[in-house]
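J.:
Protein chains: 2
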Amino acid sequence: MKSEANQVDQTSREKLMKSAEHLFAERGYDGVSVRDIANDAGVNSALVGYYFGGKEGLLAEVYTQRCGLLRDERAQLLAEYSAGGKTPSLEEVLEAFITPSLESARNGEGRRSLPHIRSILAAENSSLLEKLVAENFDESSKIFVKALGKCLPHLTHEDVLWRFHFLLGTIYYTATGPHRIKALSRGRCDPSDPAATKEELIPFLVAGFTAPSAAKGNKRRGRGRGNGTVKS
Amino acid sequence: MKSEANQVDQTSREKLMKSAEHLFAERGYDGVSVRDIANDAGVNSALVGYYFGGKEGLLAEVYTQRCGLLRDERAQLLAEYSAGGKTPSLEEVLEAFITPSLESARNGEGRRSLPHIRSILAAENSSLLEKLVAENFDESSKIFVKALGKCLPHLTHEDVLWRFHFLLGTIYYTATGPHRIKALSRGRCDPSDPAATKEELIPFLVAGFTAPSAAKGNKRRGRGRGNGTVKS
DNA sequence: GTCTATAGCTGGATAGAC
DNA sequence: GTCTATCCAGCTATAGAC
Numbered sequence: 008m009k010s011e012a013n014q015v016d017q018t019s020r021e022k023l024m025k026s027a028e029h030l031f032a033e034r035g036y037d038g039v040s041v042r043d044i045a046n047d048a049g050v051n052s053a054l055v056g057y058y059f060g061g062k063e064g065l066l067a068e069v070y071t072q073r074c075g076l077l078r079d080e081r082a083q084l085l086a087e088y089s090a091g092g093k094t095p096s097l098e099e100v101l102e103a104f105i106t107p108s109l110e111s112a113r114n115g116e117g118r119r120s121l122p123h124i125r126s127i128l129a130a131e132n133s134s135l136l137e138k139l140v141a142e143n144f145d146e147s148s149k150i151f152v153k154a155l156g157k158c159l160p161h162l163t164h165e166d167v168l169w170r171f172h173f174l175l176g177t178i179y180y181t182a183t184g185p186h187r188i189k190a191l192s193r194g195r196c197d198p199s200d201p202a203a204t205k206e207e208l209i210p211f212l213v214a215g216f217t218a219p220s221a222a223k224g225n226k227r228r229g230r231g232r233g234n235g236t237v238k239s
Numbered sequence: 008m009k010s011e012a013n014q015v016d017q018t019s020r021e022k023l024m025k026s027a028e029h030l031f032a033e034r035g036y037d038g039v040s041v042r043d044i045a046n047d048a049g050v051n052s053a054l055v056g057y058y059f060g061g062k063e064g065l066l067a068e069v070y071t072q073r074c075g076l077l078r079d080e081r082a083q084l085l086a087e088y089s090a091g092g093k094t095p096s097l098e099e100v101l102e103a104f105i106t107p108s109l110e111s112a113r114n115g116e117g118r119r120s121l122p123h124i125r126s127i128l129a130a131e132n133s134s135l136l137e138k139l140v141a142e143n144f145d146e147s148s149k150i151f152v153k154a155l156g157k158c159l160p161h162l163t164h165e166d167v168l169w170r171f172h173f174l175l176g177t178i179y180y181t182a183t184g185p186h187r188i189k190a191l192s193r194g195r196c197d198p199s200d201p202a203a204t205k206e207e208l209i210p211f212l213v214a215g216f217t218a219p220s221a222a223k224g225n226k227r228r229g230r231g232r233g234n235g236t237v238k239s
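Residue numbers (the working numbering), protein chains in the order written: chain D, 8 to 239; chain U, 8 to 239.
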């Protein structure tokens, strides 16, 4: 009965993290005070210092934990699509990468708070966060870039990286700036609906990724416009 | 000699706006104090109150001005591609929309500060900014969405809006989060290089936009999966 | 582990001289 | 228009009682 993630009987530490995640995602880092967080959590503000060493430590803890969950969900989906040694299709790789970031639902109220937090930090506290991002995602990203490359032998490694970058843009913007398109479409396009978003995003990305290589002179093999076959 | 945009002989007001744009883009809204801005501009901090009514007024002024420039550059490029009543191609429409946001070079040090500021505000001060975005971009966006739709008669209006949304994501993320991919590629993919970015982005987007409609049941005309032809 | 109380700082705004 | 000086709110962090 004293298991780690008990919902009804949360420790103050857990309450703080939960409230922090929620409020940071909603109002940014500087937009929320330690008092706000403590108040929302129903605990004393001094505990932030006690448990996390300060506001920044709390943020790092929240971010790192959430990153871990997202990373694991992605990895698990990719593993499912790779079951029995089969090579996942482009759609499947994209789906494994995208789905968990659209609906980090499985974990309580996590929602799409992570991209939110990430974008907030990129804006407000980039120096602190750049390390966290690298620590938490570089390895995972490399795995997905590799998987994408396997599906797209006609592309150079740089092409794949560029398109992976564009993919990240669509995800982050979907999570952080859904208002514009919702307004422009008078509510008919809703990026906060994961199913609807995926239905539009996946075909868009599949086509984009499948486009011919854009590398100047295509240096896939020596030079010339070496097309197809090779690599690993 | 007293023309409005004099570079050597700037008014305090202009100096403040220039410094504010620079610093907001670099360190966010809450990350910069009025004193910082005034100091960078070499003028007295009290002038922020005098000219702009406060920090927030200064921000709104900077943002609105920069939006206007971007909007005009886009409109001009689109007009050039539409010269003589010709209908611009998909590539041309995309290029007209994208180019100015990658290199707001024409105007002094403007650089890519606008998406930066925008993303920062979306994170920190969304309530204030949502109005500014709508005021400054909704009209322009509709023009481009319409132009895109003309190139893509096989898509529903919603499809076009969704893809426009994804397009925005790639642009914003390129401007605000270039570090990840630069690190992952060990410097070989550099999103802060407009030419390189365009070379990769345009083919990606052209393919993505050209993909078949993703609308469920494609409600382009009544129902069924009505493909192609119709619309206006 | 949890609380109260407060120290110590920083920032936005502004009154009023020039 | 521009400056100095200052007020006051709000924050983080922490010392120390329980």
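Note that the Cβ used here is the ideal one computed from N, Cα and C, for glycine as well.
When the distance is taken between beta carbons, is S126 of chain D closer than 8 Å to S199 of chain U?
T.: no
J.: Enumerated in chain order, which unbroken segments of the alpha helix (DSSP H) with a length of 4 residues or greater are wholly contained in the segment 80-115 of chain U?
T.: DSSP assignment within the segment 80-115 of chain U yields the following whole alpha helix (DSSP H) runs of 4 residues or more, N-terminal first: 97-109.
J.: Under the rule that 16 or more other beta-carbon atoms within 10 Å means buried, what is T183 of chain D, buried or exposed?
T.: buried
J.: Hey, quick one: how far does the alpha helix (DSSP H) through P198 of chain D stretch, first residue to last?
T.: No alpha helix (DSSP H) holds P198 of chain D; DSSP gives it neither H nor E.
J.: Would V69 of chain U and E131 of chain U be called neighbours here (beta carbons separated by less than 8 Å)?
T.: The answer is no: Cβ separation not under 8 Å.
J.: So if I threshold CB-CB distances at 7 Å, which residues from the segment 32-45 of chain D count as touching chain U?
T.: Taking 7 Å as the upper bound on Cβ-Cβ separation, chain U lies near residues G35, D37 and G38 of the segment 32-45 of chain D.
J.: By alpha-carbon positions, which one of D:L23, D:P185, D:I124 and D:E146 ends up nearest to S192 of chain U?
T.: D:E146
J.: Using a C-beta cutoff of 8 Å, does H29 of chain D count as contacting chain U?
T.: no
J.: Pull out every residue of the segment 123-138 of chain U whose Cβ sits closer than 7 Å to any Cβ of chain D, in chain order.
T.: Cβ contacts with chain D come from S126, I127, A129, A130, E131 and E137.
J.: Please tell me whether R187 of chain U has its Cβ less than 8 Å away from any Cβ of chain D.
T.: yes
J.: My output table needs one value for S126 of chain U: the three-state DSSP class, helix, strand or coil.
T.: helix
J.: Taking contact to mean 3 or more Cβ pairs, one atom from each stretch, closer than 8 Å, check whether the segment 155-162 of chain U and the segment 152-160 of chain D are in contact.
T.: no
J.: In the segment 202-227 of chain D, which residues sit with their C-beta less than 9 Å from some C-beta in chain U, listed in chain order?
T.: A203, T204, E206, E207, L208, I209, P210, F211, L212, V213, A214, G215, F216, T217, A218, P219, S220, A221, A222 and K223
J.: Which one of D:T204, D:K138, D:S40 and D:K149 has the shortest CA to CA distance from R170 of chain U?
T.: Ranked by how close their Cα comes to the Cα of R170 of chain U, the residues D:T204, D:K138, D:S40 and D:K149 have D:T204 in first place.
J.: Name, please, each residue of chain U whose Cβ falls closer than 8 Å to the Cβ of H161 of chain D.
T.: What H161 of chain D touches in chain U: nothing, since even the nearest Cβ is about 12 Å away.
J.: Using a Cβ cut-off of 8 Å (strictly closer), state whether C196 of chain D contacts chain U.
T.: yes
J.: Below 7 Å on C-beta distance, what does Y70 of chain D contact in chain U?
T.: Under the 7 Å cutoff, chain U gives no residues; its nearest Cβ is about 14 Å from Y70 of chain D.
J.: Grab the span of the alpha helix (DSSP H) containing S220 of chain D for me, first residue to last.
T.: Taken as a continuous stretch (DSSP letters only), S220 of chain D belongs to no alpha helix (DSSP H), as it is neither H nor E.
J.: Just tell me which of D:S134, D:V100 and D:S96 has its CA closest to the CA of S148 of chain D.
T.: Nearest to S148 of chain D by C-alpha distance, out of D:S134, D:V100 and D:S96, is D:V100.
J.: For L121 of chain U, which residues in chain D fall below 8 Å Cβ to Cβ?
T.: Chain D residues near L121 of chain U: none, gap ~13 Å exceeds 8 Å.
J.: Is any beta-carbon of chain D found at less than 8 Å from that of S5 of chain U?
T.: Residue 5 of chain U lies beyond the range of chain U shown here (8 to 239); nothing can be said about it.
J.: What number of angstroms, rounded off, separates the C-alpha of F211 of chain U from the C-alpha of A53 of chain D?
T.: 51 Å
J.: Taking the C-alpha atoms as reference points, what is the distance between E33 of chain D and Q72 of chain D?
T.: 18 Å
J.: Using a Cβ-Cβ cut-off of 8 Å (strictly less than) and excluding sequence neighbours within five positions of F144 of chain U, which residues of its own chain qualify?
T.: C74 and R78
J.: Can you check which of these residues, U:T177, U:A202 and U:A129, is closest to G215 of chain U by C-alpha distance?
T.: U:T177
J.: Please decide whether V100 of chain U counts as near chain D, where near means a Cβ-Cβ distance under 8 Å.
T.: Chain D contact via Cβ: absent.
J.: To which residues of the same chain is S108 of chain D closer than 6 Å at the C-beta, ignoring the five residues directly before and after it?
T.: I178
J.: Determine the burial state of D166 of chain D: buried for a count of at least 16 other Cβ atoms within 10 Å of its Cβ, exposed for fewer.
T.: buried
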